[in-house]
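J.: Numbering (our numbering), first residue to last: -2 to 543. Where a beta carbon is used, it is the ideal one built from N, C-alpha and C, also for glycine. Shown below is the structure under consideration.
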Amino acid sequence: MPATHEVANQVPPLAGHDVADDPALLAGLERAGASWAADELHELGRLAGTEQAQEWGRLVNENEPVLRTHDRYGHRIDEVEFHPYWHELMKVATAHGLHGTPWRDAREGAHAARAAKFYVWGQVEAGHSCPISMTYAAIPALRATPELAARYEPLLAATEYDFGLREPTSKRGLLAGMSMTEKQGGSDVRANTTTATPSASSSSSSDGSYTLVGHKWFTSAPMCDVFLTLAQAPGGLSCFLLPRVLPDGSRNPIRLQRLKDKLGNRSNASSEIEYDNAVGWLVGEEGRGVRTIIEMVNNTRLDCTLGSASGMRLGAVRAVHHATHRRAFGKALVDQPLMANVLADLVLESEAATTVAMRLAAAGDRRDDAQEQAFRRLGLAVSKYWVCKRAPVHAAEALECFGGNGYVEESGMPRLYREAPLSSIWEGSGNVAALDALRAMGRQPESVAAFFAEVEQAAGGDARLDDAVDRVRKELTDLEGIEFRARRLVEAMALVLQGSLLVRHGHPAVADAFCASRFGGDWGIAFGTLPAGVDTGAILERATVR
Ligand SMILES: Cc1cc2nc3c(=O)[nH]c(=O)nc-3n(C[C@H](O)[C@H](O)[C@H](O)COP(=O)(O)OP(=O)(O)OC[C@H]3O[C@@H](n4cnc5c(N)ncnc54)[C@H](O)[C@@H]3O)c2cc1C
């Protein structure tokens, strides 16, 4: 029987490559003094590139977690069942110390090394990055109460994944989650209504515990071992640590009510919970809950930025791969001038995001350096806003490079697309992130000085960037209606920070095209509107898998 047709012009799968073969990432790692981590990063990158790991990612998203509120006899169990490959992903992430490990690693650049690994491994599957990120971020907040940190930190940093509900200190490794958002408000956490009452026993036996009653509308990764949460104590809004299993081995009454039916991030469970006289321990001081938990929030904000950069790199590499192998109108798509423009613009955006995310991660290693911390305060706020904001539009354009194939699940692009808006919502939605940058500038003027000291290290390197920096400085002197203008201002700040880093450290073709388009006034609104004369060949080379 003659075949109906020959399968032709389909693109080979993108597998068997090293995901860490990413020049902007590796350069950022080196600048952070963390080249010692390069071998492990490549090992993880090669694993991330395997068909097997990609299959884990697909299957955990197609086989979503299931909530089991009760056992067959009607007892509450509040358990979530995951696909077995979820546990494989978690094992790799914890074995490579993507969670709490760098807090106990004295090597130079330990946080930057962890950031690079988080970015690389996140390209396999983004959902499981959530508990990994929260565990990383919980440690500096927990340190506000040294006894709690002494008990839990070594286990939150341990490179073992020990799933299952047991008393935390009896486990080989722990994960931490975060419960702030309530029904009536997530951005405005001061509106939280959950109450925390000093336990009757606290005055007599002084175990220092509190009893919590209330609810949380979003609690992701509810199978974590401990959670940081906010509740109204007698002294005001305070931060508490709640273990899922209490020291006497009994279940803490944290009821899982429902799992959210989410747009993306489907491998990860996000739950609605109720505290039915749950037991917690104060972290930091009563009434200073926001100040305490903000230590955690700031680190998850870094991971939102890293995660968005990671997704953009994945989208850019896949789009370039597709266009390299797919032909239309007699040429590979990548050789069609307009497609080269689109792809190069996507690569620019991705490299700018990676470069700034790694710079901020490196600042996290220099905690004793006041200038670095002042820079990080504002640099992170503006970058969380802008990098996360770019991810959904970037994913949409990368998907379109595949044509109809990109709209089909098998390509993996719909998953990337659905995931992309999350980081911009979580840990301070766009407006809140932009307003946070204003707050940083208002309350910590030293952050403004540190931000411009960083940006101006590129002074004289590109006249278009220099002019843009002058414009931003001028904008900042005008406080009239500044809240209404916050997005414009923060966007401009994020761009000059990215531009400065690219001019100093980026590939010349990338830096030139970035400055020409983002500052030179010679750019459209959609991707693929770079001006004539940019070196698309050199830019695309950086995202081409050989
Ligand atoms: C998948 C997923 C997982 C999550 N996991 C967790 C979790 O584990 N733990 C947790 O605590 N939370 C979690 N969240 C909740 C998330 O952090 C909140 O949704 C987010 O902080 C926004 O809060 P909200 O939903 O109450 O929106 P709102 O606070 O009602 O905000 C709605 C909109 O108003 C804007 N806005 C708010 N204030 C202002 C203002 N002053 N000026 C201008 N605009 C403003 C916001 O930017 C936003 O766009 C998760 C959310 C998602 C989607």
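Can you tell me which of Gly170, Asn189, Leu172 puts its alpha carbon nearest to the alpha carbon of Glu179?
T.: That would be Asn189, whose Cα lies nearest to the Cα of Glu179.
J.: Assuming contact is defined by CB atoms lying nearer than 8 Å, are Ser264 and Glu122 in contact in what I supplied?
T.: In contact: Ser264 and Glu122 (Cβ atoms closer than 8 Å).
J.: Does the beta-carbon of Met(-2) have 16 or more other beta-carbons within 10 angstroms, so that it is buried, or is it exposed?
T.: Classification of Met(-2): exposed, given that the 10 Å Cβ count is below 16.
J.: Can you find the residues in the same chain that come closer than 8 Å, C-beta to C-beta, to Arg468, ignoring five residues on each side of it along the sequence?
T.: Contacts found: Ala489.
J.: Helix, strand or coil for Phe326, going by three-state DSSP, please let me know.
T.: Reduced to three states, the DSSP call for Phe326 is coil.
J.: Pull up the distance between the alpha-carbon of Val575 and that of Gly30, whole angstroms please.
T.: The structure shown does not extend to residue 575, since the chain is modelled only from -2 to 543, so the question has no answer here.
J.: So for Val445, helix, strand or coil by DSSP?
T.: Helix, per DSSP.
J.: Is it true that the CB of Gly97 sits closer than 8 Å to the CB of Thr47?
T.: It is not a contact, given that the beta carbons lie outside the stated cut-off.
J.: Note down, in chain order, each residue of its chain lying with its Cβ closer than 7 Å to the Cβ of Thr91, except the 5 sequence neighbours on either side.
T.: Cβ neighbours of Thr91 beyond the five flanking positions: Thr156, Glu157, Tyr158, Gly170.
J.: Within the present structure, is the beta-carbon of Glu37 separated from the nearest heavy atom of ligand 1 by less than 7 Å?
T.: Result no, Cβ not under 7 Å from ligand 1.
J.: Of the choices Asp365, Phe511, Thr66, Gln229, whose alpha-carbon is the least far from that of Leu253?
T.: Checked all of Asp365, Phe511, Thr66, Gln229; the closest Cα to Leu253 is Thr66.
J.: Check each candidate in Leu225, Ala367, Ala5 and name the one with the smallest Cα separation from Met293.
T.: When only C-alpha atoms are compared, the closest one is Leu225.
J.: Count the other CB atoms within 10 Å of the CB of Ser202; is the residue buried (16 or more) or exposed (fewer)?
T.: Residue confidence is low: Ser202 scores 47 on pLDDT, short of 50, so the model does not pin down where it sits. Its coordinate-derived value is still stated next. Under this definition Ser202 is an exposed residue.
J.: Throw me the rounded Cβ distance for the Leu498 and Val353 pair, which I believe falls under 8 Å.
T.: So it is a contact: roughly 6 Å between Cβ atoms.
J.: Can Glu184 be considered in contact with ligand 1, in the sense that its beta carbon sits closer than 7 Å to one or more heavy atoms?
T.: For the sequence presented, residue 184 should be read as Ser rather than Glu. Yes, ligand 1 has a heavy atom inside 7 Å of this Cβ.
J.: Can you give me the Cβ contacts of Ala378 inside the same chain, cut-off strictly under 6 Å, excluding the 5 residues immediately before and after it?
T.: Excluding sequence neighbours, Ala378 sits near Asp433, Ala434, Ala437.
J.: Just reading off the alpha helix (DSSP H) that Trp383 is part of, what are its end residues?
T.: 367 to 397 is the span of the alpha helix (DSSP H), which, as asked, contains Trp383.
J.: Under the criterion of a Cβ to heavy atom distance below 7 Å, does Ile479 qualify as lining ligand 1?
T.: Flag unset: Cβ of Ile479 not near ligand 1.
J.: Could you pull the DSSP bridge partners for Leu253 from this structure?
T.: Ile270.
J.: Taking 8 Å as the limit between beta carbons, can you name the residues of its chain near Asp509, skipping five residues before and five after?
T.: For Asp509, where only same-chain residues beyond five positions count, the Cβ hits under 8 Å are Asp459, Val531, Asp532.
J.: To the nearest angstrom, how far is it from the Cα of Ser200 to the Cα of His212?
T.: With a pLDDT of only 47 at Ser200, under 50, the local geometry of the prediction cannot be trusted, and the value read off the model is given with reservation. Ser200 and His212: Cα-Cα distance of roughly 26 Å.
J.: Per DSSP, Lys213 is paired with what?
T.: Paired residue(s): Ile270.
J.: Considering only the beta carbon of each residue, do Ser184 and Ser380 sit closer than 8 Å?
T.: Not a contact, by the Cβ cut-off of 8 Å.
J.: Measuring alpha carbon to alpha carbon, tell me which of Thr192, Met220, Asp222 ends up nearest Thr208.
T.: For Thr208, the nearest C-alpha among the options comes from Thr192.
J.: Taking 8 Å as the cut-off, decide whether the C-beta atoms of Leu64 and Lys114 are in contact.
T.: No.
J.: Would you check whether ligand 1 has a heavy atom nearer than 7 Å to the C-beta of Gly427?
T.: Yes, the Cβ of Gly427 comes within 7 Å of a heavy atom of ligand 1.
J.: I think Ala417 touches Gly517, with their Cβ atoms under 8 Å apart; what is that distance to the nearest whole Å?
T.: Between Gly517 and Ala417 the Cβ distance is about 27 Å, and since that is not below 8 Å, they are no contact.
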